[in-house]
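Chains as they are written, first to last, in the numbering used here: chain A, 932 to 1219; chain B, 932 to 1219; chain C, 17 to 303; chain D, 17 to 303.
C-beta: ideal position from N, C-alpha, C; glycine also.
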Amino acid sequence: MPLAPEFSVDEVIITTMARQLHGEMLVSSVTAFGSLAAHLAKRLYAPDLAVLSTPESGMDVTPMPTLTLGQFLTDVQQGIPLTMEDIFDAIFTDHFRIWINPSQIDQYGNTNITAIGDWHHPKVALVGSRGIPEDTSHLSETFYYILNHSPRAVLAQVDFKSGAGNGESRRGLGSHGAPTALVTDLGVFSFTGPGGTMAVNSLHPGVTIEEVQERTGFAVYVGAGEVAVTDPPTEEDIRIIRESDPLEVRKLELMSGPMAAEKFVNIYERERQALHATYPRVGKFGRP
Amino acid sequence: MPLAPEFSVDEVIITTMARQLHGEMLVSSVTAFGSLAAHLAKRLYAPDLAVLSTPESGMDVTPMPTLTLGQFLTDVQQGIPLTMEDIFDAIFTDHFRIWINPSQIDQYGNTNITAIGDWHHPKVALVGSRGIPEDTSHLSETFYYILNHSPRAVLAQVDFKSGAGNGESRRGLGSHGAPTALVTDLGVFSFTGPGGTMAVNSLHPGVTIEEVQERTGFAVYVGAGEVAVTDPPTEEDIRIIRESDPLEVRKLELMSGPMAAEKFVNIYERERQALHATYPRVGKFGRP
Amino acid sequence: MDKRMTIDEVVDRIPNGAKVAIGGSSISRKPMALVRALARSDKRDLTVIVDVGGPDVDLLLGTGSVSQVIYAFVGFEVLGLAPHFRRARQNGTVDFQEWTEYTVMAGLDATIKRVPFIPTHATLGTDVPKVNTAFREITDPFNQEPLIAVPALAPDVALIHVNYADIQGNGVILGDGHVDVLCAKAAKNTYMSCERLLSSDELQRFGRDVQVLRVYSKGVVEVPWGAHPTGCAPDYRTDLRHLQEYLKAASSDAGWQQYEADFVDVNHRQYLDNHGGAEELVSRLKV
Amino acid sequence: MDKRMTIDEVVDRIPNGAKVAIGGSSISRKPMALVRALARSDKRDLTVIVDVGGPDVDLLLGTGSVSQVIYAFVGFEVLGLAPHFRRARQNGTVDFQEWTEYTVMAGLDATIKRVPFIPTHATLGTDVPKVNTAFREITDPFNQEPLIAVPALAPDVALIHVNYADIQGNGVILGDGHVDVLCAKAAKNTYMSCERLLSSDELQRFGRDVQVLRVYSKGVVEVPWGAHPTGCAPDYRTDLRHLQEYLKAASSDAGWQQYEADFVDVNHRQYLDNHGGAEELVSRLKV
Chain A
932 MPLAPEFSVD EVIITTMARQ LHGEMLVSSV TAFGSLAAHL AKRLYAPDLA VLSTPESGMD
992 VTPMPTLTLG QFLTDVQQGI PLTMEDIFDA IFTDHFRIWI NPSQIDQYGN TNITAIGDWH
1052 HPKVALVGSR GIPEDTSHLS ETFYYILNHS PRAVLAQVDF KSGAGNGESR RGLGSHGAPT
1112 ALVTDLGVFS FTGPGGTMAV NSLHPGVTIE EVQERTGFAV YVGAGEVAVT DPPTEEDIRI
1172 IRESDPLEVR KLELMSGPMA AEKFVNIYER ERQALHATYP RVGKFGRP
Chain B
932 MPLAPEFSVD EVIITTMARQ LHGEMLVSSV TAFGSLAAHL AKRLYAPDLA VLSTPESGMD
992 VTPMPTLTLG QFLTDVQQGI PLTMEDIFDA IFTDHFRIWI NPSQIDQYGN TNITAIGDWH
1052 HPKVALVGSR GIPEDTSHLS ETFYYILNHS PRAVLAQVDF KSGAGNGESR RGLGSHGAPT
1112 ALVTDLGVFS FTGPGGTMAV NSLHPGVTIE EVQERTGFAV YVGAGEVAVT DPPTEEDIRI
1172 IRESDPLEVR KLELMSGPMA AEKFVNIYER ERQALHATYP RVGKFGRP
Chain C
17 MDKRMTIDEV VDRIPNGAKV AIGGSSISRK PMALVRALAR SDKRDLTVIV DVGGPDVDLL
77 LGTGSVSQVI YAFVGFEVLG LAPHFRRARQ NGTVDFQEWT EYTVMAGLDA TIKRVPFIPT
137 HATLGTDVPK VNTAFREITD PFNQEPLIAV PALAPDVALI HVNYADIQGN GVILGDGHVD
197 VLCAKAAKNT YMSCERLLSS DELQRFGRDV QVLRVYSKGV VEVPWGAHPT GCAPDYRTDL
257 RHLQEYLKAA SSDAGWQQYE ADFVDVNHRQ YLDNHGGAEE LVSRLKV
Chain D
17 MDKRMTIDEV VDRIPNGAKV AIGGSSISRK PMALVRALAR SDKRDLTVIV DVGGPDVDLL
77 LGTGSVSQVI YAFVGFEVLG LAPHFRRARQ NGTVDFQEWT EYTVMAGLDA TIKRVPFIPT
137 HATLGTDVPK VNTAFREITD PFNQEPLIAV PALAPDVALI HVNYADIQGN GVILGDGHVD
197 VLCAKAAKNT YMSCERLLSS DELQRFGRDV QVLRVYSKGV VEVPWGAHPT GCAPDYRTDL
257 RHLQEYLKAA SSDAGWQQYE ADFVDVNHRQ YLDNHGGAEE LVSRLKV
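Structure representation (structure tokens):
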């Protein structure tokens, strides 16, 4: 496949995320990046994936990133309805994959979405561990992404372990749920360094090791020899990503402030029409 | 209501069973007697009952006793489908009732459907405890019936406790699942005698205490004063029972030998037509 | 049995200090009409139990109705953090107990199955058991491995919102089920609002979409738009514009007082009128 | 992924000594075509795991394929006791482990949730824990009360029969679900026969009747009448006449040898022909 003549960082990240997925797995998403990575993977790299259209349901229907987590795609009888019990049974039986976007990840791959600072007196209270503890104690592969690689996000030690990484977090868990990969705007990292610490797998085109060390809160392990460059997206990768996200919901995750607000309003207004066009209200069989 | 001019023992038993049921409970049945008692109760005595049409599903559709445990009544979209998880959640939360027909019941209300003789070397291996242990550890009311009251069926001690009665069986259980009532062809019994043993509540019309003692494997407790007579069925009870069981599936439970075989064949041939007439194959919405 | 009641009759049945489980998930199918009525009532010291919380938890914190929150997550998803939740966590004015998505489900299931706990490996290796004092680490009697014993969560009340219900208390959920059925089965008293009441015969046509069984329902209220501003698939999407206003209002005392006056201390009809009425909502939110 | 295979390919994948969980319930929706193929194969020393067993367990005992049975119930319902099961229990020729309906479900669920046990009050006060050596009585760490620890049941293989499936291994169950989904999720390898294969698009129209998810299926076989002589609602009722013949045959060695020759040691088409063909079955068994 010819490489895309030009691509943006979100497209590099989504393509790289997509290429990590494989096998016949339920794939759930609570972000546009996760949703698009799953969709792209199913189209090009892992055709057996059972991609969900909402965080917990709508199996095997083309997901479209929406601001409301695809909560409408289970209306029409495309997509197989699942229950929360199905989701956690799939996690416990290792038939589930998800790309997690933590607020903090540390050198051992411990992750934090709960609080900045001490849990009991947080500087910033975040959202709570949600389902990350289940993922990090049961899945044979756990995937993380961070869009803005910085010393505050990728640091020596997380303030609170919402998810279990390597090292002493493994006590009583063995390898179940150990961290597999971290994708950031700088590169792809694994946890194969000394003692299961973070190591460089590949750097995105144009990124240097110095930049990585500068923007990381600890010394990232770099193996011997040449550092690989991340395979860039192909034209087909880019085409599928752009077709799958006509509203550009993915761009929101990269923005903040007034720019994001404007984009948000714009997407929200167009979302209804787009959803309606993509998923006409044929209604549910037997529905009065 | 006028009493029925004439009625048979099965109709007395079913009516008596029906009059024990009350409240808003899921009622499941694996016998014609249980199914008819539930149906009669809902019609006349306990309108809030949620009667199932199969052992585990088909809630709130008129059950018709069938040789195949009503497995067809969930075809048409009458009746709310339940799962086995729903059934046991209803048992554990005490929203469930069932009339159990044990092979043996003893003076403490322990019941046996597993084996005659020693479990390891049974004289007769029966079917296994099925769900009776769940009922007798969780329900606030447990109901039993026996069609042929005899010293072999109603005895001092069961050969194997498939279900927990009173006395030392209550250890660690408290009152959860303790026996409530036993209905036989002789009368209605509770477990309110000394130490939670079996006691006479009422005798069916024409039955004497002597007959009960004769046909029981232990001395049944009889309270002071006059022994009550079971309220006989009314004409409406009888009418509903007969209308609800046009094939007379209930009669099979009272028969044995060639007579039963003949009846069985007769019912089985007519069942298909009767089911078809009662539950036309409108088919399931959305079914190809 | 006809279990219809009004929103206020539901609130009257919730005592001060009650443990209230709330269905739905973050910005999806929260029983917001019931939650708003509870928030504007004088009920206090509530313990709120949610798997994935959002505007429901945040509003009850904003009105000072809550003394404890048991949660796996509280947030506004794409819109960001929950303002009153964040403030209360940081000020320590309310007791918070952090659980996780499965352990909340397991805690409710333990109550349903009348067992004191359910064992799991979930949360081992994380800091959750360090801050959640309800959890206990036990040793598996079979293999001597460490396990977390998740204790039973026993709500006094469950509040859920569904698409359709009948007057007997059967409920149809057409979109994602979230943990509503677990809440309904685990709570001593479950109250359900619905977009529309149907006859029991109509309801039965939904087959396995009938997810809430009447034996678990104590009361049913017909409340169109009863999940607003959260979404109720397939009837309407989440009102993110309103949630943006909510976040803006919650950022100042004056703003919040105005929000309460306009959208909390009013009955459901006035609430809809203050959004320009149902027609306006239809045009923005029906897909 | 196209997971279609033949009945014999399914049997080839089941090793001697395998733990085989079988779906259905007594005389309802047992995967009898797969069970018959297993029974006529040279596979031996199988452990059969059923919640509510019937002709499935009895046939595999009759052909000497089984060395252990884990069960809550084995019987022919209205027709009475299971002859080979009864004989084997009384002669002690096979190892039997008596569980109960919920504990079998809990044991499978423990494997699904990767926990060594699930606690319950069920079977306390009965003799089941006295004869079932797999159960263990534990003391609840919270209230020091006695509980039964139900150990995980880990099938190597699950065999189930459904109404419709697609070639990817999604399965639709229209009648009662029994414990088929638990078997499918708990087993290392799940093989599913179906009355009819549908396209995945057709299958999705069944909504929540799609109960078996393809991620749990290793193989799919289209076998019309695949549950016969048990019933498969709503497609056909239980063939009680054939089960009567079965019981008669099982009462003598000669009768049983003849039964095996006519109905076990033959492929599925011959099996149907020996019943006078599908048309004959339709006339007797379709409702």
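| said: So with CB distances below 8 Å, who are the chain A contacts of isoleucine 86 (chain D)? | reply: Under the 8 Å cutoff, chain A gives no residues; its nearest Cβ is about 20 Å from isoleucine 86 (chain D).
Taking 7 Å as the cut-off, is the beta-carbon of glycine 954 (chain A) closer than that to any non-hydrogen atom of the ligand HEM? For the ligand HEM, the structure offers nothing, since it holds no ligand at all.
Margin query: Any beta carbon from chain C within less than 8 Å of glutamate 1072 (chain B)'s own beta carbon?
Written below: no
Separation of glutamine 1038 (chain A) from lysine 1092 (chain A), as counted between CA atoms: 12 Å
Q. Counting pairs of Cβ atoms below 8 Å between the segment 1120-1128 of chain A and the segment 157-171 of chain C, do you hit three or more?
A. no
- Message: Less than 6 Å between C-beta atoms, sequence neighbours within five positions excluded: which residues of the same chain meet that for alanine 203 (chain D)?
- Response: Ala37, Pro171, Val173, Ala174
Out of D:Val94, D:Leu288, D:Arg224, point me to the one whose CA is closest to leucine 1013 (chain A)'s CA. D:Arg224
Say whether chain A places a C-beta atom closer than 8 Å to the C-beta of serine 215 (chain D).
no
**Asked** Rounded C-beta distance between histidine 194 (chain C) and serine 44 (chain C)? I'm assuming under 8 Å.
**Response** 7 Å
Kindly indicate which residue of A:Glu1166, A:Leu1113, A:Val1160 has the alpha-carbon position closest to the one of leucine 952 (chain A).
A:Leu1113
Inset, instruction - Mind checking who serine 41 (chain D) pairs with in its DSSP beta bridge? - result: D:Ser44
**Study point:** Within 8 Å, strictly: CB atoms of valine 305 (chain C) and arginine 102 (chain C)
**Key:** What is shown of chain C runs 17 to 303, which leaves residue 305 (chain C) out entirely.
**Request:** Give the C-beta separation of threonine 116 (chain C) and valine 144 (chain C) to the nearest angstrom, bearing in mind that I take them to be a contact with Cβ-Cβ under 8 Å.
**Result:** 6 Å
From A:Leu957, A:Ile945, A:Thr999, pick the residue whose C-alpha is nearest to that of glycine 965 (chain A); which is it? A:Ile945
Less than 8 Å between the CB atoms is what I'm expecting for proline 996 (chain B) and leucine 967 (chain B), so what's the real figure, rounded?
-> Between proline 996 (chain B) and leucine 967 (chain B), the beta carbon gap of about 6 Å places them in contact (Cβ cut-off 8 Å).
Report the residue from B:Ala1087, B:Thr1073, B:Ile1140, B:Pro1082 whose alpha carbon sits nearest the alpha carbon of glycine 1094 (chain B).
For glycine 1094 (chain B), the closest of B:Ala1087, B:Thr1073, B:Ile1140, B:Pro1082 by C-alpha to C-alpha distance is B:Thr1073.
With a threshold of 8 Å between beta-carbons, can arginine 130 (chain D) be considered close to chain A, or not?
yes
- Name, going along the chain, the residues of the segment 938-966 of chain B whose beta-carbon falls closer than 8 Å to a beta-carbon of chain C. Glu955, Met956, Leu957
Within 8 Å of chain C by C-beta, residues of the segment 1042-1060 of chain A in sequence order: Thr1045, Ala1046, Trp1050, His1051, His1052, Pro1053, Lys1054, Val1055, Ala1056, Leu1057, Val1058, Gly1059, Ser1060
Any chain C beta carbon closer than 8 Å to alanine 1021 (chain A):
no
Exercise. Rank B:Arg1083, B:Gly1001, B:Ala1021 by C-alpha distance to the C-alpha of glutamine 1144 (chain B) and give the top, closest one.
Key: Considering only alpha carbons, the answer is B:Arg1083.
Requested in this report: Using a Cβ-Cβ cut-off of less than 9 Å, list which residues of the segment 977-988 of chain A approach chain D; keep chain order.
Outcome: Pro978, Asp979, Ala981
- Does the count of Cβ pairs from the segment 1097-1115 of chain B and the segment 1052-1072 of chain B closer than 8 Å reach three? yes
Once the 5 residues before and after threonine 63 (chain D) are set aside, which same chain residues still bring their CB inside 8 Å of it?
Gly33, Ala34, Lys35, Val36, Val82, Ser83, Gln84, Val85, Ile86
* Asked: Beta-carbon of lysine 35 (chain C) versus every beta-carbon of chain D: anything under 8 Å?
  -> No, lysine 35 (chain C) does not count as interfacial toward chain D.
* Classify glycine 293 (chain C) as buried or exposed, calling it buried when 16 or more other Cβ atoms lie within 10 Å of its own Cβ. => Classification of glycine 293 (chain C): exposed, given that the 10 Å Cβ count is below 16.
Return the chain-ordered list of same chain residues with a C-beta closer than 7 Å to the C-beta of proline 1164 (chain B), the five sequence neighbours on each side being excluded. Ala935, Phe938, Glu942, Val943, Thr946
Check: Is the segment 1025-1043 of chain A in contact with the segment 252-267 of chain D, if contact means three or more CB pairs nearer than 8 Å?
Finding: With a cut-off of 8 Å, the segment 252-267 of chain D and the segment 1025-1043 of chain A do not count as touching, because too few Cβ pairs lie within range.
Open item on the list: Once DSSP output is grouped into helix, strand and coil, what is the label at lysine 1182 (chain A)?
Closed with: helix
Nearest to aspartate 1116 (chain B) by alpha carbon, out of B:Ser1081, B:Thr1067, B:Arg1101, B:Ser1060? B:Ser1081
Q. CA-CA distance, histidine 291 (chain D) and aspartate 67 (chain C)?
A. 55 Å
Let me know if threonine 136 (chain C) comes out buried or exposed under the rule of 16 or more other beta-carbons within 10 Å of its beta-carbon.
-> buried
Work out the CA separation of leucine 983 (chain A) and leucine 97 (chain C) for me, nearest whole Å. 25 Å
- Message: Can you tell me where the beta strand (DSSP E) holding arginine 212 (chain C) begins and where it ends?
- Response: 205-213
- Under 9 Å (Cβ pairs) to chain A, residues found in the segment 206-231 of chain D: From the segment 206-231 of chain D, only Ser216, Asp217, Leu219, Gln220, Arg221, Phe222, Gly223, Arg224, Val226, Leu229, Arg230, Val231 have a Cβ closer than 9 Å to chain A.
From phenylalanine 1172 (chain B) to arginine 300 (chain D), what does the alpha carbon distance come to, in whole angstroms?
The residue asked about is misnamed: residue 1172 (chain B) is isoleucine in this sequence, not phenylalanine. Whole-angstrom Cα-Cα distance: 27 Å.
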